[in-house]
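This report refers to the structure that appears directly beneath it.
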Amino acid sequence: MMAEMTPETTRSVWRIEPNESQIRFTVEFLTLTTASGVVRNFQGVIHYDEGEPTRSSVEATIDPRSIETGDPTRDAHLRSPDFFDVERFPTIVFRSRKIVGQGGPHYEVVGDLTVRDITREVTLAVTYQGESIDFAGRRHAEFNARATVAPADFGLSWNADLAAGWIPVGDRGTIVIHVEAIRAVPNTYQRS
């Protein structure tokens, strides 16, 4: 995962570049149909141990007000107290707890996902896509990740009368992430 470096620079901080990264999701509704969408506003940081990637950590914050599904009425409802309740809970946070190598460029990143002040363990299947150097000499790294979550685990199980025009939320959601991160701090960092 990423290029090897000299011992004095084996630990570094990488900022997730929102303009080059993407978070998409799909949610089942009664297994009859699915709704998909994107998250427009998010930020994150990777504390990367280039000598031993499994000692790295990741933290990301999502603004649930920026979730878009292509339907303004549905988007407004997602922001309401029925779902994300963005006025009371303005952020969704993921903090890794451990990273497990799965062979080659594949890793499992296990962490805590907090939605509506409810925290559950989530496992991301992550693939390291490679590294490049831009015209300014900055190092970029790319990752793809996927996770399956149960919306009800986070209190997102609103089920209204079908006659009212809303279809009950199913028991599975899929999150697909593409991350481009830029090495932001050239010096070493201290792990807590």
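Every number in our numbering is 150 more than the matching position in the sequence shown, counting from 1. The beta-carbon is built from N, C-alpha and C at its ideal position, and this holds for glycine as well.
Other residues of its chain near residue i: CB distance less than 6 Å, five sequence neighbours each side excluded
i	result
Asn-337	Bear in mind that the predicted position of Asn-337 carries a pLDDT of just 48, short of 50, making it unreliable; the figure below should be weighed with that in mind. Cβ neighbours of Asn-337 beyond the five flanking positions: none.
Val-236	Pro-214, Arg-215, Arg-229
Arg-174	Val-188, Val-326
Per-residue burial, residue i [other beta carbons within 10 Å of its own, 16 or more giving buried]
i	result
His-256	exposed
Gly-194	buried
Ile-325	buried
Phe-192	buried
Ile-327	buried
Ala-295	buried
Pro-222	exposed
Ile-249	buried
Ser-162	buried
Ser-206	buried
Integer-rounded CB distance, given that residue j should sit under 8 Å from residue i
i	j	result
Thr-160	Asp-199	6 Å
Val-299	Gly-323	5 Å
Ile-217	Ala-331	Contact flag wrong, Cβ pair sits at about 22 Å.
Ile-268	Phe-234	Incorrect: roughly 11 Å between the Cβ atoms, too far for contact.
Arg-215	Arg-229	6 Å
Arg-333	Arg-266	So it is not a contact: roughly 34 Å between Cβ atoms.
Whether residue i touches residue j by CB criterion (9 Å)
i	j	result
Gly-261	Val-329	no
Arg-245	Thr-219	no
Thr-273	Val-259	yes
Gly-251	Thr-204	yes
Ala-297	Tyr-278	no
Delimiting residues of the alpha helix (DSSP H) encompassing residue i
i	result
Arg-224	222-229
Residue interval of the beta strand (DSSP E) (run including residue i)
i	result
Asp-199	192-199
Ala-275	268-283
Ser-207	207-212
Leu-300	The sequence given here places Ala at residue 300; Leu does not occur at that position. Segment: none, Ala-300 is in no beta strand (DSSP E) and carries neither H nor E.
Phe-244	242-251
Thr-160	Careful: Thr-160 lies outside any beta strand (DSSP E) and carries neither H nor E.
Gly-261	256-265
Contacting residues, own chain, Cβ-Cβ under 7 Å from residue i (five flanking each side not counted)
i	result
Ser-171	His-328, Val-329, Glu-330
Arg-247	Val-260, Gly-261, Asp-262
Arg-165	Val-195, Ala-331, Ile-332, Ala-334
Sequence-distant residues of its chain with Cβ nearer than 8 Å to residue i (five each side left out)
i	result
Leu-306	Phe-233, Phe-234, Val-265, Arg-266, Val-319
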